[in-house]
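Trainee:
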């Protein structure tokens with residue numbers, strides 16, 4: 062059975078992992094006969110968003126690993142302890158946590174950096190020839206992880222596409238049910254809620270992303 066490391070960034074679209082995207086990824090992995098282990102960095106979130114009103118909850122702080130445990134039903138481990146040799150692939154769902162906690166793209170744009178545990182693990186997987194899937198806004202990390210010339214997609218958002226290209230990536234426009242595959246880098250990306258208007262639409266691209274990642278193993 063193929064085993065996938067699933068990197069979460071908290072719990073909630075505005076300050077962590079997008080819940081639908083994460084659950085759809087888990088479901089798709091199981092439906093394709095693969096197993097997974099959730100991980101998250103043991104760090105404080107950039108901030109906490111009140112999802113009812115969409116505003117920052119002043120004076121409140123939360124831990125990314127602890128919040129990811131909500132999404133993973135407690136079955137989540139510190140990413141710093143993840144061993145690349147134990148996994149066949151890695152997938153990162155979207156949600157603004159990918160741009161706020163797994164990286165600082167939301168704050169620094171094209172001057173972004175990737176959180177050290179994320180960078181170390183995904184680069185180690187890549188060096189070992191193992192595939193990666195990045196979903197929704199997570200492909201903004203692609204150029205920092207894989208280097209110049211990496212092909213990826215966030216759908217058709219012109220501003221984010223321009224930022225990816227500015228960082229050395231090669232953005233490819235895609236529809237919500239499509240994926241962008243970089244065979245050389247063993248990277249699969251899909252827009253999900255960068256374009257999706259419903260959970261059913263998001264599921265189409267995510268399912269395809271999971272299938273293509275597993276096919277690369």
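Numbering (the working numbering), first residue to last: 62 to 278. Don't be surprised by glycine CBs; every beta carbon is placed ideally from N, CA and C. Please read these numbers as outputs of a predicted model, since none were measured by experiment.
1. Would you say residue 239 and residue 156 are within 8 Å of each other, going by their C-beta atoms?
2. Would residue 168 be called buried (16 or more neighbouring beta carbons within 10 Å of its own) or exposed?
3. Any contact between the stretch 184-199 and the stretch 145-154? By contact I mean 3 or more CB pairs, one from each, below 8 Å.
4. CB-CB under 8 Å to residue 141, same chain, minus the five flanking residues each way: which ones, in chain order?
5. For residue 85, which option in 97, 116 and 210 has the closest C-alpha, if you only look at C-alpha atoms?
6. So what's residue 211 in DSSP terms, helix, strand or just coil?
7. Contact between the stretch 266-276 and the stretch 240-248: three or more CB pairs below 8 Å?
8. In angstroms with no decimal places, state the Cα-to-Cα distance between residue 202 and residue 277.
9. Considering just the uninterrupted stretch of the beta strand (DSSP E) at residue 70, what are its terminal residues?
10. Mind checking residue 62: buried by the 16 CB within 10 Å criterion, or exposed?
11. Rounded to a whole number of angstroms, what is the C-alpha to C-alpha distance between residue 93 and residue 182?
12. Apart from the five residues on each side of it in sequence, which residues of its chain come closer than 7 Å, Cβ to Cβ, to residue 149?
13. Below 8 Å between beta carbons: does that hold for residue 69 and residue 113?
14. Which value, in whole angstroms, describes the spacing of the CA atoms of residue 54 and residue 170?
15. What whole-angstrom Cβ distance do residue 228 and residue 205 have, given they're in contact under 8 Å?
16. Please report the Cβ distance between residue 77 and residue 158, rounded to the nearest whole angstrom; I am assuming they are in contact, meaning their Cβ atoms lie under 8 Å.
Mentor: With the given structure in hand:
1. no
2. exposed
3. yes
4. 102, 103 and 178
5. 97
6. coil
7. yes
8. 20 Å
9. No beta strand (DSSP E) holds residue 70; DSSP gives it neither H nor E.
10. exposed
11. 24 Å
12. 63, 64, 65, 191 and 278
13. no
14. Residue 54 lies beyond the range of the chain shown here (62 to 278); nothing can be said about it.
15. 7 Å
16. 4 Å
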